[in-house]
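Working notes, structure below.
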Amino acid sequence: GTNQYRKAMELLTERFGDQERLKKHYLAELKAMANTRLSETSALSQWQKLHDGLANSVAALNSLGVDTKTHQAYLAPDLLAAFPRTLVSRWRDRWDDEEPTFSKILKALQREIRIREEDETLASNGSGKPVLESATTTTNNGNRGLACLFCQKIHLHHNCNQGSSAQRRATAEKEGRCLKCLARSHRTEHCISRIPCRHCGSTEHSPAVCVARPRGGGYA
Numbered sequence: 032g033t034n035q036y037r038k039a040m041e042l043l044t045e046r047f048g049d050q051e052r053l054k055k056h057y058l059a060e061l062k063a064m065a066n067t068r069l070s071e072t073s074a075l076s077q078w079q080k081l082h083d084g085l086a087n088s089v090a091a092l093n094s095l096g097v098d099t100k101t102h103q104a105y106l107a108p109d110l111l112a113a114f115p116r117t118l119v120s121r122w123r124d125r126w127d128d129e130e131p132t133f134s135k136i137l138k139a140l141q142r143e144i145r146i147r148e149e150d151e152t153l154a155s156n157g158s159g160k161p162v163l164e165s166a167t168t169t170t171n172n173g174n175r176g177l178a179c180l181f182c183q184k185i186h187l188h189h190n191c192n193q194g195s196s197a198q199r200r201a202t203a204e205k206e207g208r209c210l211k212c213l214a215r216s217h218r219t220e221h222c223i224s225r226i227p228c229r230h231c232g233s234t235e236h237s238p239a240v241c242v243a244r245p246r247g248g249g250y251a
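Numbering (my numbering) for the sequence shown: 32 to 251.
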């Protein structure tokens, strides 16, 4: 509620200064991502790192009350320059020449990452046979998305209620995930995410692994 949000913002302000400083930090992160250059041969971890960084920065700006639409008008086109031209061309065809947005880029990135994950699975299996797509990795309307780390359903890892917080934390650690943003591209101590947990206000972990969550709703 309001009190939790206020507490979270107080923690952020205490650690990193005023909100204007935080806003500048995350806008600078977005600009830095726009200067990244990925190629068709870039490692999967690099694609995941860019996706996670973009998702975290946009979420953080939204939590700080920033209207990201005012910034995506000039940042989103710059972000597209980070990706191979042929890929961006396919994305634009899918968008029917509409202006790019952070949301569209994130969805396109999720699709690309999933395709690359499947390619890596095929390569590691060495079979050359297609991997059958299960219902847990495809939404009802046929759109692909990234499956949740904990339950394999199509939703954000951070929103999962499957099992207890302790079980989800153990799963994240076993999979080598960052406990703050649940990405695989870096370790927890190297994470730049400063998004406060909606349950306790801490910026040190994802809400999915928060042990301060109340009992009774799949919590620890």
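Quick reminder that beta carbons are idealized off the backbone N, C-alpha and C, glycines included.
Please work out which residues of its chain come closer than 7 angstroms, Cβ to Cβ, to residue i, disregarding the five sequence neighbours upstream and downstream, and give them in chain order.
i    : result
D98  : none
C191 : C179, F181, C182, R199 and A239
A90  : I226
Consult DSSP for residue i and reduce its assignment to one of helix, strand or coil.
i    : result
S158 : Residue placement at S158 cannot be trusted, given a pLDDT of 44 that sits under 50; the coordinates are not used to answer.
F181 : coil
S195 : coil
N190 : helix
T202 : helix
L69  : coil
E130 : coil
T234 : coil
I223 : coil
R218 : coil
R145 : helix
For my contact list, residue i and residue j are in at a C-beta cut-off of 8 angstroms; report their separation, rounded to the angstrom.
i    : j    : result
W78  : L140 : 7 angstroms
L69  : R147 : With 8 angstroms as the limit, L69 and R147 do not qualify as a contact, their Cβ atoms being about 11 angstroms apart.
H236 : K211 : 6 angstroms
D83  : A214 : 4 angstroms
P108 : P131 : 6 angstroms
Could you pull out every residue in the same chain whose Cβ sits closer than 6 angstroms to the Cβ of residue i, ignoring the five residues on either side in sequence?
i    : result
Q193 : F181 and C182
A234 : The identity of residue 234 in the sequence shown is Thr, whereas the question assumes Ala. These residues qualify, in order along the chain: R225 and P227.
S88  : Y57, E60 and L61
I223 : none
Can you list, in chain order, the residues of its chain whose CB lies under 8 angstroms from that of residue i, leaving out five sequence neighbours each side?
i    : result
L118 : E71 and E143
L85  : L61, M64, L110, F133, I136, L137 and L140
H217 : K80 and C209
Within the continuous alpha helix (DSSP H) that includes residue i, where are the two ends?
i    : result
P108 : K100 to L111
W78  : L75 to S94
A243 : That residue, A243, is in no alpha helix (DSSP H); it is neither H nor E in DSSP.
R116 : R116 to R125
K211 : Segment: none, K211 is in no alpha helix (DSSP H) and carries neither H nor E.
H56  : Q50 to A65
Hey, how far is the Cα of residue i from the Cα of residue j?
i    : j    : result
L106 : V240 : 32 angstroms
E51  : R225 : 14 angstroms
S94  : L58  : 13 angstroms
E220 : K55  : 22 angstroms
Q103 : L187 : 22 angstroms
S165 : E149 : Note that S165 has pLDDT 32, beneath the 50 cutoff, so the model's placement of it is unreliable and no number is given.
A203 : A197 : 10 angstroms
S195 : D124 : 42 angstroms
G96  : H230 : 19 angstroms
K205 : D128 : 42 angstroms
K100 : W126 : 17 angstroms
N66  : A201 : 35 angstroms
A113 : L92  : 21 angstroms
Just to confirm, does residue i get its C-beta within under 7 angstroms of one of the non-hydrogen atoms of the ligand ADP?
i    : result
H189 : Of ligands this structure carries none, so the ligand ADP is not represented either.
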